[in-house]
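Participant:
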Amino acid sequence: MKPLGFAPKSPGPAPVNICPGSRLGWLVSLNFLIVGLALLIPASPSSAQPDERLARDQALLTETQRQAFLYFWEASDPISGMAFEADFGWEVKPVAVGGTGFGVAALVVAVDRGWITRVEAVGRLLKITAFLKAISRPEWRGGFPHWINSQAMEPFDFENGKDVIDTVETSLLAQGLLIARRYFNGPGAEAQLRRQITEIWENIDWNWFTDGQESGIFWHWSPRRGYLGLKIKGYNEALITYVLAAASPTHPISRKTYDFWLTGPNYRTRRTFGYQIQGSPYGGGPLFTSQYSFVGLNPWELADQRVPQGYYVRGVNQTLANREYCLNHAPPRYRYSEKLWGLTASQTMNNSYAASSPTADQGVIAPTAALSAMPYTPHYSMEVLQHLSGRLKDKVWGWFGPRDAISLKDDWVSPHTLAIDQLPIILMVENYRTGLLWNLFMSDPEIQRGLAALGFFQPKFTEGFPEAVVTAQKSGQNYQPDAHEIRRHPDKGQYLIPYWVDSPGPIHFTLQDPEYVNGPSLADWTVTAKAGRNFLALPDRQPGDGRLLRLTMTRANGQPHTLPLRLH
35 MKPLGFAPKS PGPAPVNICP GSRLGWLVSL NFLIVGLALL IPASPSSAQP
85 DERLARDQAL LTETQRQAFL YFWEASDPIS GMAFEADFGW EVKPVAVGGT
135 GFGVAALVVA VDRGWITRVE AVGRLLKITA FLKAISRPEW RGGFPHWINS
185 QAMEPFDFEN GKDVIDTVET SLLAQGLLIA RRYFNGPGAE AQLRRQITEI
235 WENIDWNWFT DGQESGIFWH WSPRRGYLGL KIKGYNEALI TYVLAAASPT
285 HPISRKTYDF WLTGPNYRTR RTFGYQIQGS PYGGGPLFTS QYSFVGLNPW
335 ELADQRVPQG YYVRGVNQTL ANREYCLNHA PPRYRYSEKL WGLTASQTMN
385 NSYAASSPTA DQGVIAPTAA LSAMPYTPHY SMEVLQHLSG RLKDKVWGWF
435 GPRDAISLKD DWVSPHTLAI DQLPIILMVE NYRTGLLWNL FMSDPEIQRG
485 LAALGFFQPK FTEGFPEAVV TAQKSGQNYQ PDAHEIRRHP DKGQYLIPYW
535 VDSPGPIHFT LQDPEYVNGP SLADWTVTAK AGRNFLALPD RQPGDGRLLR
585 LTMTRANGQP HTLPLRLH
């Protein structure tokens, strides 16, 4: 049984008329008419067997998601049902509050993909919510600690004491619970689950964690020691914290409190390794900052005063900058490559943990960095996944999928799986494939009210290809634009390219090989577009060989817009 009626306003690529039954119902509605089509390229080995490549991509993504899910399903705490952070060999294994939020959302994916039944998922969720209610104390003000000792029913010391409430981990938990509340919409046990989630959600006193100052939310609060100094200021992984705090039906924060989030030096537009990143720290930061909050928040739908291009373009540029650093700026001894890149928070050697980034690089690649970036850079992310599951599989792959971290310079692979790294892989891959979690979370009226209260708006662009980000190619000390690199969607089977038009009407597209300027076009066709964002599905049998092509869109008496393109 699939949930019904969750149609977001404008999340991303839309279902098209020529491919009925698509799973991409989360994408912006687009109906187009193919008026003329001239395919002038002969069949080639790369274009004659496209379904084999698609089937391989689809199977690899599904199996990677399924194996990562098993970490939550098979290796979780038997007392609470929550996710262990990892098995570090400690006498007491802590359960992770934020990691459990990702696990709760993963249960939704597992049911939707048929790996477990709704009854099984609801049973696990009722166990989790019952434990959360049992362990919660009035002095916690509805929040939860970073880690919990389920055996002792108390917080586990996460570096700063056994009595500390973590508002960011609380928000990651709440994000997952609200997704589950939206999905499990049936009677009986599902209705009971929704009531339990609502009680936990409405009990979080976000205003308490501001200390009444209306100048930001404190990251940590101790009932014995009070507010512990650090206020949450962007840009980092905690955007979801402010959105949920504003969306609360019982304890919402003010707009003034949120404005503090925007005031930091890490919320500026920066040119980083050839890419302009709006709302960015130096170097772009670790990649989890564009992933954790966007398990539920749909970046295609979000823009604000600091990120007017929208959080989708921001996420693409941050990911591409991170990759560019790995390929052309990191020390050569780190041995990064096009098939192994991505800096984010992960385990490092000697059982330590660090948030790696271009400005804090220890030579450690975390597979979750590239794999959880699948919505932003699907082709480049798939290259990493294929490498990890192919040539490196014997060394880096375990029962639950790729290990947490890899260092080629030290010939080291982490022996562990971490909840906060492994579980986002399932979720962000699912958002790339179907938009399921974006769809659910963004359809929650409370979330929409919170976003409106904070001044978020839909991105808006002028005519052209503003969201089809063109990769930057290093040339000496400078960067030159290369092409928009795109991979066929594994489930849709088409190349989907976002474009914008100022007013509705017919739009003509031409696909050419720039090496043959005066030769015939590879394809010519006309579509009927609506005003705003549309998604172009390229005609079938285009060469997926990565050679440079040129896509041009024109309308009658209008200026042409050109996009350099590489198809994979």
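With the sequence shown counted from 1, adding 34 to any position gets you the numbering used here. Glycine residues also receive a C-beta, built at the ideal position from the N, C-alpha and C atoms. For clarity, every value in this text was computed on a predicted model and none was experimentally measured.
Terminal residues of the continuous alpha helix (DSSP H) containing MET281?
Facilitator: Taking the first residue of the sequence shown as position 1, residue 281 is located at position 247. The amino acid occupying residue 281 in the given sequence is Ala; Met does not appear at that position. Residues 273-281.
Participant: Across which residues does DSSP place MET587 in a beta bridge pair?
Facilitator: Residue 587 sits at position 553 when you count from the first residue of the sequence shown. Note: MET587 sits in a beta bridge opposite PHE543, HIS595.
Participant: How long is the line joining the alpha carbons of LEU227 and PRO500, rounded to whole angstroms?
Facilitator: By 1-based counting over the sequence shown, the position of residue 227 is 193. By 1-based counting over the sequence shown, the position of residue 500 is 466. About 42 Å.
Participant: Thinking C-alpha only, which one of THR560, SER205, THR204, PRO189 is nearest VAL198?
Facilitator: In the sequence shown, counting from the first residue as 1, residue 198 sits at position 164. Per the Cα distances, PRO189.
Participant: What is the DSSP secondary structure of GLN528, counted as helix, strand or coil?
Facilitator: Your numbering for residue 528 matches position 494 in the sequence shown. Coil.
Participant: Leaving out the 5 sequence neighbours to the left and right, which residues in its chain are closer than 6 Å to ASP536 when beta-carbon positions are compared?
Facilitator: One-based indexing of the sequence shown puts residue 536 at position 502. Hits under 6 Å: GLU497.
Participant: How many angstroms separate the CA atom of ALA453 from the CA atom of SER327?
Facilitator: Position 419 of the sequence shown holds residue 453. Position 293 of the sequence shown holds residue 327. Using only the alpha carbons, I get a separation of about 16 Å.
Participant: With DSSP collapsed to three states, give me the class of LEU582.
Facilitator: Within the sequence shown, the letter at position 548 stands for residue 582. It is a strand residue.
Participant: If you run the structure through DSSP and keep just helix, strand and coil, what is ASP455?
Facilitator: What you label residue 455 is simply residue 421 of the sequence shown in a count that begins at 1. Correct three-state label for ASP455: helix.
Participant: Using a Cβ-Cβ cut-off of 6 Å (strictly less than) and excluding sequence neighbours within five positions of ILE150, which residues of its own chain qualify?
Facilitator: Here residue 150 corresponds to residue number 116 of the sequence shown, with the count starting at 1. The residues are ALA144.
Participant: Can you give me the C-alpha to C-alpha distance between PRO484 and VAL277, rounded to a whole angstrom?
Facilitator: Working through the sequence shown from its first residue, we reach residue 484 at position 450. Working through the sequence shown from its first residue, we reach residue 277 at position 243. At residue 484 the sequence reads Gly, which differs from the Pro that was named. If you take the alpha carbons of GLY484 and VAL277, they lie about 6 Å apart.
Participant: Nearest CA to the CA of PRO112: which residue from VAL129, THR98, GLN99?
Facilitator: Against the sequence shown, residue 112 aligns to sequence position 78. Ranking VAL129, THR98, GLN99 by Cα distance to PRO112 puts VAL129 first.
Participant: Once you ignore the five residues that flank LEU206 on each side, which residues in its own chain have a CB closer than 6 Å to its CB?
Facilitator: The residue you call residue 206 lines up with position 172 of the sequence shown. Closer than 6 Å at the Cβ level, and outside the excluded window around LEU206, lie GLY132, GLY135.
Participant: Are the beta-carbon atoms of ALA355 and GLY397 separated by less than 8 Å?
Facilitator: If you number the sequence shown from 1, residue 355 lands on position 321. If you number the sequence shown from 1, residue 397 lands on position 363. Cβ atoms of ALA355 and GLY397: not closer than 8 Å.
Participant: Pick helix, strand or coil for LYS167, following the three-state DSSP scheme.
Facilitator: What you label residue 167 is simply residue 133 of the sequence shown in a count that begins at 1. Helix.
Participant: Taking THR378 and ALA400 to be in contact with their CB atoms under 8 Å, please state how far apart those CB atoms are, rounded to whole angstroms.
Facilitator: Start at 1 with the first residue of the sequence shown, and residue 378 comes out as number 344. Start at 1 with the first residue of the sequence shown, and residue 400 comes out as number 366. Sure, about 5 Å apart at Cβ, within 8 Å.
Participant: Using the Cα positions of TYR370 and GLU97, report the straight-line distance between them to the nearest angstrom.
Facilitator: Looking up residue 370 in the sequence shown gives position 336. Looking up residue 97 in the sequence shown gives position 63. Looking at the two C-alpha atoms, the distance is approximately 25 Å.
Participant: ALA557 by DSSP, collapsed to three states: which one?
Facilitator: Sequence index remark: in the sequence shown, residue 557 carries index 523 (1-based). If DSSP states are grouped into helix, strand and coil, ALA557 belongs with the strands.
Participant: Quick check on this structure: which residue in LEU457, LYS373, ASP91, HIS450 has the alpha carbon closest to the alpha carbon of ASP121?
Facilitator: If you number the sequence shown from 1, residue 121 lands on position 87. When only C-alpha atoms are compared, the closest one is HIS450.
Participant: In whole angstroms, what is the alpha-carbon distance linking SER380 and ASN237?
Facilitator: Reading the sequence shown from its first residue, position 346 is the one you call residue 380. Reading the sequence shown from its first residue, position 203 is the one you call residue 237. Approximately 32 Å, taken between the alpha carbons.
Participant: Is the beta carbon of PRO333 closer than 8 Å to that of TYR345?
Facilitator: By 1-based counting over the sequence shown, the position of residue 345 is 311. By 1-based counting over the sequence shown, the position of residue 333 is 299. Yes; because the gap between Cβ atoms is below 8 Å, this pair is in contact.
Participant: Pull up the DSSP beta-bridge partners for GLU372, would you.
Facilitator: Indexing the sequence shown from 1 puts residue 372 at position 338. Looking at the DSSP assignment, GLU372 forms no beta bridge with any residue, so it has no partner.
Participant: Hey, how far is the Cα of ASP444 from the Cα of PHE434?
Facilitator: For the purposes of this step, residue 444 is taken as residue 410 along the sequence shown, with counting starting at 1. For the purposes of this step, residue 434 is taken as residue 400 along the sequence shown, with counting starting at 1. Looking at the two C-alpha atoms, the distance is approximately 23 Å.
Participant: Answer yes if the region 207-218 comes into contact with the region 248-261, meaning at least three C-beta pairs across the two stretches below 8 Å, and no otherwise.
Facilitator: No contact exists between the region 248-261 and the region 207-218.
Participant: Can you tell me the Cα-Cα spacing of GLN310 and ARG229, whole angstroms?
Facilitator: By one-based count along the sequence shown, residue 310 stands at place 276. By one-based count along the sequence shown, residue 229 stands at place 195. For GLN310 and ARG229, the distance between alpha carbons rounds to 44 Å.
Participant: How far does the alpha helix (DSSP H) with THR204 in it extend, from its first residue to its last?
Facilitator: Position 170 of the sequence shown holds residue 204. Run containing THR204: 201-217, per the alpha helix (DSSP H) assignment.
Participant: Run the CB neighbour count on VAL551, radius 10 Å, all protein chains shown included, and call it buried at 16 or more, exposed below.
Facilitator: Taking the first residue of the sequence shown as position 1, residue 551 is located at position 517. So VAL551 counts as exposed.
Participant: Using CA coordinates, which residue listed in LYS373, LEU601, LYS429, LEU582 is at the minimum distance from HIS421?
Facilitator: Here residue 421 is taken as the residue at index 387 of the sequence shown, counted from 1. Ranking the options by Cα distance to HIS421, first place goes to LYS373.
Participant: Short of 6 Å in beta carbon distance, which residues of its chain neighbour GLN312, apart from the five on each side in sequence? Order them along the chain.
Facilitator: On the sequence shown, residue 312 is found 278 positions in, with the first residue counted as 1. Correct list, in chain order: THR303, VAL341, GLN343, ARG348.
Participant: Identify whether ASN300 lies in helix, strand or coil by the three-state DSSP scheme.
Facilitator: Indexing the sequence shown from 1 puts residue 300 at position 266. Coil at ASN300, not helix or strand.
Participant: Could you compute how far the alpha carbon of ARG289 sits from the alpha carbon of GLY527?
Facilitator: Taking the first residue of the sequence shown as position 1, residue 289 is located at position 255. Taking the first residue of the sequence shown as position 1, residue 527 is located at position 493. Roughly 43 Å between the two C-alpha positions.
Participant: In the DSSP assignment, find the alpha helix (DSSP H) that holds GLU480 and state where it starts and stops.
Facilitator: Taking the first residue of the sequence shown as position 1, residue 480 is located at position 446. Start and end: 479-487.
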